[in-house]
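Engineer: Numbering (the numbering used here), first residue to last: 14 to 463.
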C-alpha cells in the first residue's frame, strides 16, 4: 500500500497542473489569513472600545449621587445611566467571518431605549468591501477546495477507462480498495494541506479566547468531511462509463447546484414562507403611541411646568410612562418579527440536508460564532437586560425618590455567554453522504475488476 501511495505522489509531483492547484490554494489561504486576522482584530478592538463606555456620563451620575447633591438634579439620574452590553468575541471570526462584520458588537442600554431600537445603528467601515465580500478560510474550504478536487480528480478513472489502462491499474493495485486509497490520499493531502497550514497559523497568532481550540478542531473536522464528500462524489461519477469531459461537466454542475443554486433557493423559500412584518408599521405605531401618551400625560399633569424637584420628578415620570406606552404598542410587532425570523431559521435548518455544502458552511459559521443564531442570542440577552434595568429604575421613579448610591452600585451588569455550537447534525450528514457515494463507487469498481 505504501509503495502505491509513493508512486502516486511521484506521478502527481510531475504534473505541473497539480503544482498550479497547490499554488492557487496557498495564495488563497494566505489571503484568507490576512483577511481573517483583520476581522478578528476589528472584533477585539471594537468590543474593547465599547466596554469602556462613556466616562463623562459615569462622572455625571457619580456627581449627582454625592452627599449633599441637589435632589432636583439627582432625580434625573435614572435617565443618565448607561449600561454597556458587549457580546463576547466570536472564537473563530478569523476562520469564518460570517455575520461578524455586519452585526453590532455592543449597544448602550438606557431607560429611553426599546428592544426594537437597541441595534438600529450599525456601522460598516468600508461599504464597498462589504458589497464585494471578503475571502476567508471558510470560503476556501467550501468553495475553492471542491473545485481543486474536481480539477485533480475529474478524470481519475474515466480517462484511464478511455485509454484502456483501467484494468491494468486495477490488477496492479491488488484490490479496488487499495487502488482507491492510493489514488485518493495524495490528492486529498495536497488540497487539505493549505487549509491545515492556514488554520495552524491563525491559531498560533490569534487571541487566546475561551473554547477557541475545541472550536477550531470542530471546524477542521467539518472541512475535512466536506472535502471527503466531494471526493466521494468525484469517485462516484468516475465509476460510471463516461468520458473525462462528461465527468468534469457533471461535477462542476453538481458543485454549482449544491454550492450556489440550492442555498439561494432555500433562502428564498424561507423568506416567502415567513415574511417579516413591515418595519415602517413598527415605526408608525411607536410614533403614534408616543404622541398619544405624551399628550394625555401633559393634560393630566400641569405641574410639568415647574422647574424644581416636583416638576422634574413629574417630567421623569412622564418620560417613563410614555416609554411604557410605546413598549406596549410595539411589543406585538416585535414579537411577530422575531417569530418570523425564527421560522425562517427553522426552514433553513430543515432543508439544509438537501445541500451538504450548505450544511457544512452553516456548521462552520456556527462553530466560529458568527452565525445568525448567535446574533439573535445577543439581541435577546440585551433585550432582557434592558427589561431588568427598566424594572429597577422604574421602581425608583414610581416611588418618587432619588436613586441612592447603593442602589446604583447594585444595578446588574450585562453578562452573556453563548453555549458552544454542536455541529453533530452536519457531521453526520457529511459522513453519511460520503460513505454512501464512496461505497457505491467502490462497489462499481469492484465489478469492473472482475
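Cβ atoms here follow ideal geometry from the backbone N, Cα and C, with glycine treated the same way.
1. Using 8 Å as the cut-off, can you tell me whether the region 28 to 39 makes contact with the region 82 to 89, which would need three or more C-beta pairs spanning the two stretches below that distance?
2. For residue 433, verify whether its CB is less than 7 Å away from any heavy atom of the ligand SAH.
3. At what residues does the beta strand (DSSP E) containing residue 97 begin and finish?
4. What residue range is occupied by the uninterrupted beta strand (DSSP E) comprising residue 121?
5. Thinking C-beta only, is residue 99 closer than 8 Å to residue 60?
6. For residue 274, count neighbouring C-beta atoms within 10 Å of its own C-beta (all shown protein chains included) and say buried if the count is 16 or more, exposed if not.
7. Report yes if the CB atom of residue 38 is closer than 8 Å to the CB atom of residue 161, and no otherwise.
8. Roughly how many angstroms separate the alpha carbons of residue 50 and residue 378, rounded to a whole number?
9. So, for residue 233: in the same chain, excluding its five sequence neighbours on each side, which residues have a beta-carbon less than 8 Å away from its beta-carbon?
10. Relative to the C-alpha of residue 323, which residue among 413, 261 and 381 is closest?
11. Under a Cβ-count criterion, where at least 16 other Cβ atoms within 10 Å of its own Cβ denotes burial, should residue 387 be classed as buried or exposed?
12. Grab the span of the alpha helix (DSSP H) containing residue 421 for me, first residue to last.
13. Short of 8 Å in beta carbon distance, which residues of its chain neighbour residue 271, apart from the five on each side in sequence? Order them along the chain.
14. Name the residue from 73, 129, 131 and 42 whose alpha carbon lies nearest to the alpha carbon of residue 107.
15. Residue 7 and residue 166 look like a contact to me (Cβ under 8 Å); what is the Cβ gap, rounded to whole Å?
16. To the nearest angstrom, how far is it from the Cα of residue 344 to the Cα of residue 301?
17. Is it right to say residue 448 is buried, meaning 16 or more other beta carbons lie within 10 angstroms of its own, or is it exposed?
18. What is the rounded straight-line gap between the Cα of residue 82 and the Cα of residue 298?
19. Can you have a look at residue 458 and say buried or exposed, based on whether 16 or more other CB atoms are within 10 angstroms of its CB?
20. Identify, in the order they occur along the chain, each residue of the same chain with its Cβ nearer than 6 Å to the Cβ of residue 75, setting aside the five sequence neighbours on each side.
21. Considering only the alpha carbon of each residue, which of 114, 64, 96 and 84 lies closest to residue 55?
22. Given that a residue counts as buried once 16 or more other Cβ atoms are within 10 Å of its Cβ, and exposed if not, what is residue 193?
23. Residues in the same chain with beta-carbon distance under 6 Å from residue 351, minus the five sequence neighbours each way, listed in chain order, please.
24. Would you kindly check if the distance between the Cβ of residue 333 and the Cβ of residue 407 is under 8 Å?
25. If I follow the unbroken alpha helix (DSSP H) through residue 276, where does it start and stop?
26. Thinking residue 149 and residue 195 are a contact (beta carbons under 8 Å), I'd like their distance in whole angstroms, please.
27. Taking the alpha carbon of residue 118 as the reference point, which residue from 330, 53, 260 and 347 has its own alpha carbon closest?
28. DSSP state of residue 368, grouped into three classes?
29. Is the separation between the beta-carbon of residue 263 and that of residue 436 shorter than 8 Å?
30. Going by the beta-carbon positions, is the gap between residue 66 and residue 116 smaller than 8 Å?
31. How long is the line joining the alpha carbons of residue 129 and residue 72, rounded to whole angstroms?
32. Less than 8 Å between the C-beta atoms of residue 389 and residue 405, yes or no?
33. Pull up the CB-CB distance for residue 246 and residue 168, whole angstroms please, since I reckon it's below 8 Å.
34. In this structure, does DSSP put residue 167 in helix, strand or coil?
35. Alpha carbon to alpha carbon, how far is residue 440 from residue 400?
36. Take residue 6 and list the residues in its own chain whose beta-carbon comes closer than 6 Å to its own, dropping the five residues that flank it on each side.
Structural biologist: On the basis of the supplied data:
1. The region 28 to 39 makes no contact with the region 82 to 89: fewer than 3 CB pairs, one atom from each, lie closer than 8 Å.
2. Of ligands this structure carries none, so the ligand SAH is not represented either.
3. Unbroken beta strand (DSSP E) run through residue 97: 96 to 99.
4. Boundaries of the beta strand (DSSP E) around residue 121: 119 to 122.
5. With contacts defined as CB atoms closer than 8 Å, residue 60 and residue 99 qualify as a contacting pair.
6. Counting Cβ neighbours within 10 Å, residue 274 comes out exposed, since fewer than 16 surround it.
7. Yes, they are a contact pair.
8. Answer to the nearest angstrom: the Cα atoms are 16 Å apart.
9. Taking C-beta separations shorter than 8 Å and ignoring five residues to either side along the sequence, the partners of residue 233 in its chain run 208, 209 and 212, following chain order.
10. Comparing Cα-Cα distances from residue 323 to each of 413, 261 and 381, the minimum goes to 413.
11. Buried, by the Cβ-count rule.
12. From DSSP, the alpha helix (DSSP H) with residue 421 extends over 418 to 422.
13. Leaving aside the five residues that flank residue 271 on each side, the residues in its chain whose CB is nearer than 8 Å to its CB run, in chain order, 368, 369, 370 and 371.
14. Nearest C-alpha to residue 107: 42.
15. No information on residue 7 is available, as it lies outside the stretch 14 to 463 that the chain covers here.
16. When rounded, the distance between both Cα atoms is 14 Å.
17. Counting Cβ neighbours within 10 Å, residue 448 comes out exposed, since fewer than 16 surround it.
18. Residue 82 and residue 298: Cα-Cα distance of roughly 39 Å.
19. Burial state of residue 458 is buried, judged by a 10 Å Cβ sphere holding 16 or more other Cβ atoms.
20. Nothing meets the Cβ criterion.
21. Of the listed residues, the one whose Cα sits closest to residue 55 is 114.
22. If you draw a 10 Å sphere on the C-beta of residue 193, you find 16 or more other C-beta atoms in it, and that means buried.
23. So no residue of the chain qualifies.
24. Contact: yes.
25. Residue 276: member of the alpha helix (DSSP H) spanning 275 to 286, first to last residue.
26. With a beta-carbon spacing of about 33 Å, residue 149 and residue 195 fall beyond the 8 Å limit used to define contacts.
27. Here the closest residue by C-alpha is 53.
28. Coil at residue 368, not helix or strand.
29. In terms of Cβ geometry, residue 263 and residue 436 do not form a close pair [threshold 8 Å].
30. Cβ atoms of residue 66 and residue 116: not closer than 8 Å.
31. One C-alpha to the other measures close to 29 Å.
32. Not closer than 8 Å, so no.
33. About 14 Å separates the CB atoms of residue 246 and residue 168; that is not less than 8 Å, and the two are not in contact.
34. Residue 167 sits in coil when the DSSP states are folded into three classes, being neither helix nor strand.
35. If I take the Cα positions, the gap works out to 38 Å.
36. Within the shown structure, residues of the chain are numbered from 14 to 463, placing residue 6 beyond reach of any answer.
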